[in-house]
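Undergrad: Before I ask anything, here is the structure I am working with.
In our numbering, the protein residues as written are 3 to 436.
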């Protein structure tokens, strides 16, 4: 503040107000008496030219804090205006109420709660481990040829091979398409030879002759089995089963892991068996390993291939899932029965609908239907093994156990020649946690 010679006080405010400088000029008429004085404010704008263009009413800011429809309803001076705004208010209120009711009802019907817990267990049940030769022709063909000769007499080797190829292809297993060239569907002599060989036996009995009576046994497949450093009898823990599109395999009975990682790992060595009709070198090129839940069917997945001269290591992790009942993303099933069982049953139902008969190894799933004769399957072999499985929608169980499998493979590091003639697998849980 400064005083001029004429007694006028000049007060300069440097703050900006709408980009203008404001200066107050106060003329004090009586300094001695505080009761009589006057203040005369004078506005001096440096941008007075643009002032009118920039000046705006600030009342529009209040629109963000009021109910527009209600304000318009109260300000309306006509009956039509009040009816319009009143109707609009009622519609908006009803819409808001219905939206709240729909959201709240959906919340009550589809309540969700996610809880993650980690439990340390004393022991964990291993997933079911199933070993299968890649090709289904690991059979005792000497006995089978003798059976053919007993019915057909002095039969040629070529005809015998054609009959064997017919059964291998007509059984409904994969990787036998190389035998289709040996089967002429229109060849009446092959039909006649099969009917004479079968005699009074059913098609089911012929399949059993191949796979049950002359199939490989446990000792021919599994060489050694270890739990940690303790050796156990493989055949005490493995039993034969049929796997869809794969053939006769051996599945491990329920077994627990009570020690962590390396101390509780399972170690297997598996023989390389013969494959005269499927393998290029007359040997099984691979062993297929299926990992499944103990009470579930064995579907196409999860499966892994073991090769010769390889070291294979599997690490399991177990996760237990419990979902609220009534969820659309899961179904209630018997404890232990999961998605794989649904998949197998739907796939076989599709086969039955197409051919009006059942595969011999799934006859229990289609009571009342006959077993498909080998000619029916052989003539439609490509259709059977290439059935689309994408449309077989199967939801998981609401309460289930899921296994995560990590596989590590490397070239076998050994100096013993015998180790290169077998397949190797080690498997265990990394830790005993769920």
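Glycine included, each C-beta is placed from N, C-alpha and C at the ideal position.
Are there 16 or more other CB atoms within 10 angstroms of the CB of residue 427, so buried, or fewer, so exposed?
TA: By the 10 Å Cβ count, residue 427 comes out buried.
Undergrad: For the stretch 158-171 against the stretch 136-147, do three or more pairs of beta-carbon atoms, one drawn from each stretch, fall closer than 8 Å, so that the two count as touching?
TA: The stretch 158-171 is in contact with the stretch 136-147.
Undergrad: What residues are listed by DSSP as bridge partners for residue 427?
TA: Answer is 270.
Undergrad: With C-beta atoms as the reference, is residue 342 less than 7 Å away from residue 299?
TA: Contact flag set, yes.
Undergrad: Would you call the stretch 93-103 in contact with the stretch 255-270, where contact means no fewer than 3 C-beta pairs closer than 8 Å?
TA: Not touching, per the Cβ criterion.
Undergrad: Return helix, strand or coil for residue 374, following the three-state DSSP convention.
TA: Coil.
Undergrad: From residue 324 to residue 401, what does the alpha carbon distance come to, in whole angstroms?
TA: Approximately 5 Å between the Cα atoms of the pair.
Undergrad: Name the two residues that bound the continuous beta strand (DSSP E) containing residue 401.
TA: It spans 401-413 - the beta strand (DSSP E) in which residue 401 sits, taken as one unbroken run.
Undergrad: Going straight from the alpha carbon of residue 314 to that of residue 308, what length do you get?
TA: Spanning the two alpha carbons is a distance of roughly 7 Å.
Undergrad: Under 7 Å between the Cβ atoms of residue 363 and residue 218?
TA: No, Cβ-Cβ distance for residue 363 and residue 218 is not below 7 Å.
Undergrad: Here's the rule I'm using: 16 or more other beta-carbon atoms within 10 Å means buried, otherwise exposed. How should residue 438 be labelled?
TA: Residue 438 lies beyond the stretch modelled for the chain, which goes from 3 to 436, so this question has no answer here.
Undergrad: Measure the CB-CB distance between residue 220 and residue 270 and report whether it falls below 7 Å.
TA: It is not a contact, given that the beta carbons lie outside the stated cut-off.
Undergrad: Write down the C-beta distance between residue 319 and residue 416 rounded to the nearest angstrom, noting that I regard them as a contact closer than 8 Å.
TA: That belief does not hold up - the Cβ atoms of residue 319 and residue 416 are roughly 29 Å apart, past 8 Å.
Undergrad: Based on the DSSP output, what are the partners of residue 251 in its beta bridges?
TA: Residue 251 pairs with 243.
Undergrad: Contact check, residue 354 vs residue 371 under 8 Å by CB: the rounded distance?
TA: Correct: roughly 6 Å between the Cβ atoms.
Undergrad: To which residues of the same chain is residue 424 closer than 7 Å at the C-beta, ignoring the five residues directly before and after it?
TA: Cβ neighbours of residue 424 beyond the five flanking positions: 225, 271, 272, 273 and 274.
Undergrad: Taking Cβ positions, are residue 120 and residue 216 nearer each other than 7 Å?
TA: For residue 120 and residue 216, no; Cβs fall outside 7 Å.
Undergrad: The alpha helix (DSSP H) with residue 347 in it runs from where to where?
TA: Start and end: 341-357.
Undergrad: Taking DSSP as the reference, what is the three-state secondary structure of residue 318?
TA: The answer is strand: DSSP assigns residue 318 an E or B state.
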